[in-house]
Amino acid sequence: MKRNTKSLNKSEQIIRQIAKKAGARNIKIINPQEVETATWVRYKCQFGCSEYGSSLVCPPYTPTPEQTRKMLDGYQKAVLFEADRYDVKKIAIKIEKDLFLKNYYKAFALGAGPCEGLCKECSFDEGCRYPDESRPSMEGCGIDVFSTVRKFGYKIDVVKDNIEDAHFFGLVLIE
Numbered sequence: 481m482k483r484n485t486k487s488l489n490k491s492e493q494i495i496r497q498i499a500k501k502a503g504a505r506n507i508k509i510i511n512p513q514e515v516e517t518a519t520w521v522r523y524k525c526q527f528g529c530s531e532y533g534s535s536l537v538c539p540p541y542t543p544t545p546e547q548t549r550k551m552l553d554g555y556q557k558a559v560l561f562e563a564d565r566y567d568v569k570k571i572a573i574k575i576e577k578d579l580f581l582k583n584y585y586k587a588f589a590l591g592a593g594p595c596e597g598l599c600k601e602c603s604f605d606e607g608c609r610y611p612d613e614s615r616p617s618m619e620g621c622g623i624d625v626f627s628t629v630r631k632f633g634y635k636i637d638v639v640k641d642n643i644e645d646a647h648f649f650g651l652v653l654i655e
């Protein structure tokens, strides 16, 4: 069956416009099945991050790498983008919302790092107070961000101090 490249191009143009308007940089439309997941990534969260277990969007409350793999494999398209550290989740959520409103009803955002201070203390018993503004990080769900973004041509290195330039990425699953 021959794909309609004209509609695919239009779809990708809409996705890129939405992502750019939201503030994303270096936007790439990717196949989510090429996103790398690994169990060791959550171990790095558990044994190396002071935020582990501190919120509902951090492990152990986030999907496991196996659950994430299943979710990724249920999508055919995603947008991978670069943004400033404190803007990644906000941008990802904005992209998700705007795509949803354009009838991409399966859109789901993943950001980088722990919850960005929406609450002084997470409301574990009552559930998230800001579900419209919070999403788990890629790494918290077992995504190997380094391997994934390198696969798509992005530059990323381990940051050794606060002076070095850091690169942060977001992922929005689309359809």
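My numbering puts the first residue of the sequence shown at 481, with every later residue one more than the last. In this text, a Cβ means the ideal position worked out from N, Cα and C, and glycines have one as well. Because the structure is a prediction, the values reported are computed rather than measured.
By Cβ distance, which residues of its chain are closer than 7 Å to residue i, with the 5 residues on each side in sequence left out?
i    : result
F632 : K508, I510 and L560
D605 : none
E655 : Y555, Q556, K557, Y584 and K586
Classify residue i: buried if its beta carbon has 16 or more other beta carbons within 10 angstroms, exposed otherwise.
i    : result
P540 : exposed
K574 : buried
L581 : exposed
Y584 : buried
E613 : exposed
E512 : Note on residue identity: the sequence assigns Pro, not Glu, to residue 512. Buried, by the Cβ-count rule.
C595 : buried
G650 : buried
I495 : buried
P616 : buried
Tell me the rounded alpha-carbon separation between residue i and residue j.
i    : j    : result
K570 : P545 : 23 Å
A558 : L590 : 11 Å
A563 : Y634 : 12 Å
M481 : Y566 : In this predicted model, M481 has a pLDDT of only 46, less than 50, meaning its place in the structure is not dependable enough to derive any value.
E531 : K550 : 26 Å
K600 : P543 : 23 Å
D637 : N506 : 17 Å
S491 : R609 : 33 Å
C538 : G593 : 8 Å
L653 : L552 : 8 Å
G607 : F588 : 19 Å
G533 : L598 : 16 Å
N642 : E576 : 30 Å
P611 : R630 : 30 Å
One question on the structure: do residue i and residue j come within less than 7 Å of each other, judged by their Cβ atoms?
i    : j    : result
C602 : L536 : yes
F648 : V568 : yes
T548 : T517 : yes
D624 : I498 : no
V515 : T628 : yes
Can you name the start and end residues of the beta strand (DSSP E) that residue i belongs to?
i    : result
F649 : F648 to L653
A589 : F588 to L590
V559 : A558 to A563
So the alpha helix (DSSP H) residue i belongs to, where does it begin and stop?
i    : result
E546 : P545 to D553
I571 : V568 to L581
K524 : T519 to Q526
R505 : Here R505 belongs to no alpha helix (DSSP H); instead the beta strand (DSSP E) covers R505 to I510.
T542 : Counting along the chain, T542 falls outside any alpha helix (DSSP H), and DSSP gives it neither H nor E.
K631 : V625 to K631
Can you find the residues in the same chain that come closer than 6 Å, C-beta to C-beta, to residue i, ignoring five residues on each side of it along the sequence?
i    : result
V639 : A646
C529 : none
Enumerate in chain order the residues of its own chain whose CB-to-CB distance from residue i is below 8 Å, with the five nearest sequence positions on each side excluded.
i    : result
K524 : E619
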